[in-house]
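Numbering that gives the first Met the number 0 puts the first residue of the sequence shown at 0, with every later residue one more than the last. Where a beta carbon is used, it is the ideal one built from N, C-alpha and C, also for glycine. All values derive from a computational prediction rather than experimental measurement.
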Amino acid sequence: MNTYATVVLAAGKGTRMRSTLPKVLHQVAGLPLIAHVLNAIESIPSASAFTPLLSTTNTHRPIVVLGYGAEQVEAALGERYLYALQKEYLGTGHAVLATRETVDRLEPQPQTVLVCYADTPLIGNEILARVLAEHLRHQATVTFLTAITDQPSDFGRVVRDAGGQVREIVEMKRANDEQKRIQEVNSGVYCFDREWLWPALQSLPRNPSGEYYLTDLVGIASSQGRKIITVNGSLDETIGINDRVQLAAVEQLLRRRILERHMYAGVTIIDPATTYIGADVEIGTDTIILPGTMITGKTRIGSECRIGPGTTIDQSIIADRCIVRNSVLEETTFEEGVSIGPFSHCRPGAYLARNVRMGNFGEVKNSYIGSETDMHHFSYVGDATLGEHVNIGAGTVTVNYDGVRKNHTNIGAWTSIGSDTMLVAPVTVGEHAQTGAGSVVKSDVPPGAVVVGVPARILRMRQPVDGSTAESGEKE
Ligand code: UD1
Ligand code: CA
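See below:
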């Protein structure tokens with residue numbers, strides 16, 4: 000049976016990042032570097048190159064080699080993976096050897112060990128499947144992924160003999176001038192024959208830098224006359240991140256890929272250069288994203304929306320035909336047809352029902368706003384429940400915090416809240432009621448009542464505005 004173990008190297012400190020955070024936890028497109036690699040590994044079985052050569056679905060969980068910041072990385076990744084600990088960071092060869100016991104305990108015993116680095120987040124499931132498939136097809140001892148580039152920078156160089164056979168991989172630090180000019184580089188994805196791997200790792204020489212290089216296995220296999228296969232991939236998929244300049248370059252590439260996915264799926268993005276969309280965001284067709292917009296987390300946006308310019312949306316659900324201009328939404332839900340902005344802020348727990356119109360300088364937090372409600376100018380609604388067809392006058396504030404507790408405000412359907420009303424919670428304004436401009440409402444307002452003043456008192460009763468009858472309360 001052709002099963003394979005997967006090993007992801009994540010023990011290094013990432014010195015060149017100059018960070019206290021372990022390198023593999025730095026993020027691109029809103030996910031830690033290592034999470035991108037693990038996602039690619041876990042989706043190998045759905046890749047088209049995952050040929051019948053792999054006769055069974057692989058059930059082995061990926062093995063992550065931890066070292067620097069081990070607890071932090073493990074906490075970030077959780078129980079989904081197996082872990083091996085590299086106690087000293089003696090190089091990539093030493094790191095793979097640290098997985099020996101874990102790999103050998105797997106049932107059924109894998110014939111192949113696939114090794115990836117956690118700092119290459121652009122790697123995709125298709126290319127991993129291709130490396131695996133080629134390795135099995137050729138029954139090779141070592142198969143590895145290469146790329147051609149005229150800027151080989153700090154990649155290991157692939158050295159071939161006159162006949163084109165691979166002889167070794169030479170690390171940049173040890174390369175002579177001629178080798179430095181080689182344009183075929185090691186991308187850092189390998190398949191090894193498991194039985195060959197362990198003794199070969201144990202025979203690795205220690206480099207002058209004190210490290211055991213995984214890449215030296217290629218030279219060992221070559222000198223033993225073993226079969227070495229290379230798979231040529233695109234550099235775009237294999238850029239490794241060693242410093243923050245590379246981090247930004249990869250961010251840009253990934254960002255572009257995500258934007259293109261949405262554009263091909265029917266979303267208009269006016270200015271890709273200033274639009275940021277996280278990896279887990281979903282957007283419906285014919286939605287238009289205007290410049291300067293950032294959409295992150297597990298946000299879902301419906302069809303025919305207009306989002307931006309200058310808008311930030313995180314972890315939110317926006318239904319069809321909503322308009323969001325120059326606003327910030329966090330953990331917010333909009334039903335269909337909501338329009339907001341410019342310059343408004345919905346904080347966690349804001350729920351705006353159908354066709355709510357919220358204009359400029361409004362803030363809503365932990366509140367339900369009933370459908371067709373208008374709240375056009377600079378108001379704060381926190382910890383409140385509003386019915387439908389409410390009109391919130393300019394400058395209305397729910398005074399929800401008494402210095403100790405957050406208190407709730409209820410505003411019934413069809414109420415009209417006058418400009419500059421202070422609703423001192425806990426308080427309830429009954430349906431069809433009205434507050435005069437500048438009232439300070441400290442006690443409950445009966446349905447249909449018109450209140451004014453400081454503190455607000457009943458002035459008169461009000462005719463229902465929608466033609467229906469207020470549930471209780473006198474009429475004028
Ligand atoms: C490595 C390759 C190089 C290749 C490049 C591709 C070696 C010796 N060199 O270089 O040929 O072109 O990747 O991106 O392998 N790690 C450990 N334990 C260690 C050292 C490293 O787990 O003791 C992990 C790191 O966390 C990292 C990965 O291995 O995720 C690669 O290490 P890194 O130091 O970045 O190797 P490169 O210099 O990029
Ligand atoms: Ca690297």
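Say the cut is 8 Å; is the CB of Tyr379 nearer than that to a heavy atom of ligand 1?
-> no
Report whether the distance from the Cβ of Ile168 to the nearest heavy atom of ligand 1 is below 8 Å.
-> yes
Whole-number beta carbon distance between Leu81 and Glu73, since they are thought to touch under 8 Å = Going by Cβ atoms, the distance from Glu73 to Leu81 rounds to 11 Å, so no, they are not a contact pair.
Candidates Ile268, Ser343 and Asp319: which alpha carbon is nearest Gly336's?
-> Asp319
By Cβ distance below 6 Å, which residues in the same chain neighbour Val327 in space, the five residues on each side in sequence not counted?
-> Thr311 and His344
Jot down the residue ranges of each uninterrupted alpha helix (DSSP H) in the segment 239–299, minimum 4 residues, whole runs only, in chain order.
-> 243–263
Beta-carbon separation of Ala352 and Val363 under 9 Å?
-> Not closer than 9 Å, so no.
Assuming Val6 contacts Ile62 under a Cβ cut-off of 8 Å, what Cβ separation, rounded to an integer in Å, is found between them?
-> The pair is a contact, with the Cβ atoms about 5 Å apart (cut-off 8 Å).
Burial state of Ala161 (16 or more Cβ within 10 Å) = exposed
Any chance the segment 137–157 sits against the segment 35–48, with 3 or more Cβ pairs inside 8 Å?
-> no
Endpoints, the beta strand (DSSP E) within which Ser232 is located | As written in the sequence, residue 232 is Gly, which differs from the Ser given in the question. From DSSP, the beta strand (DSSP E) with Gly232 extends over Ile227 to Gly232.
Examine ligand 2 and report whether any of its heavy atoms sits within less than 8 Å of the Cβ of Thr142.
-> no
Write down the C-beta distance between Pro290 and Thr273 rounded to the nearest angstrom, noting that I regard them as a contact closer than 8 Å.
-> 5 Å
Can you check whether the CB of Gln164 is closer than 9 Å to the CB of Ser221?
-> yes
Looking at C-beta atoms only, is the number of pairs between the segment 91–99 and the segment 38–47 that lie closer than 8 Å three or more?
-> no
Check Gly405 in the structure and name its three-state DSSP category.
-> It is Lys, not Gly, that sits at residue 405 in the sequence shown. It is a strand residue.
Hey, is Tyr212 close to ligand 1, as in C-beta under 8 Å from one of its heavy atoms?
-> Result yes, Cβ under 8 Å from ligand 1.
Counting only runs of 3+ residues fully inside the segment 345–408, write out the beta strand (DSSP E) ranges in chain order.
-> 349–351, 356–359, 362–364, 366–368, 373–376, 379–381, 383–385 and 396–398
Start and end of the beta strand (DSSP E) containing Ser186?
-> In the DSSP assignment, Ser186 falls within the unbroken beta strand (DSSP E) covering Glu183 to Asp192.
Check whether the segment 381–391 touches the segment 355–373, counting contact only when three or more Cβ pairs, one atom from each stretch, lie closer than 8 Å.
-> yes
Along the chain, which unbroken stretches of the alpha helix (DSSP H) at least 4 residues long are found entirely within the segment 123–201?
-> Whole alpha helix (DSSP H) segments, 4+ residues: 124–137, 176–179 and 193–201.
Endpoints, alpha helix (DSSP H) assigned at Ala39 = Leu32 to Glu41
Among Thr286, Arg299, Leu30 and Ile316, the one whose alpha carbon lies nearest that of Gly307 = Thr286
Kindly indicate which three-state DSSP category Asp313 falls into: helix, strand or coil?
-> strand
Using beta-carbon positions only, say whether Gly447 and Ser438 come within less than 9 Å of one another.
-> no
Do Thr237 and Ala264 have their C-beta atoms within less than 9 Å of each other?
-> no
Rounded straight-line distance, which links the Cα of Gly392 to that of Leu8 | 59 Å
Residues near ligand 2, CB to any non-hydrogen atom under 5 Å, in chain order?
-> Asp118, Gly239 and Asn241
Taking 8 Å as the line, does the beta carbon of Gly218 fall inside it for any heavy atom of ligand 1?
-> no
When you compare only the Cα positions, how much space is there between Arg324 and Ser338?
-> 8 Å
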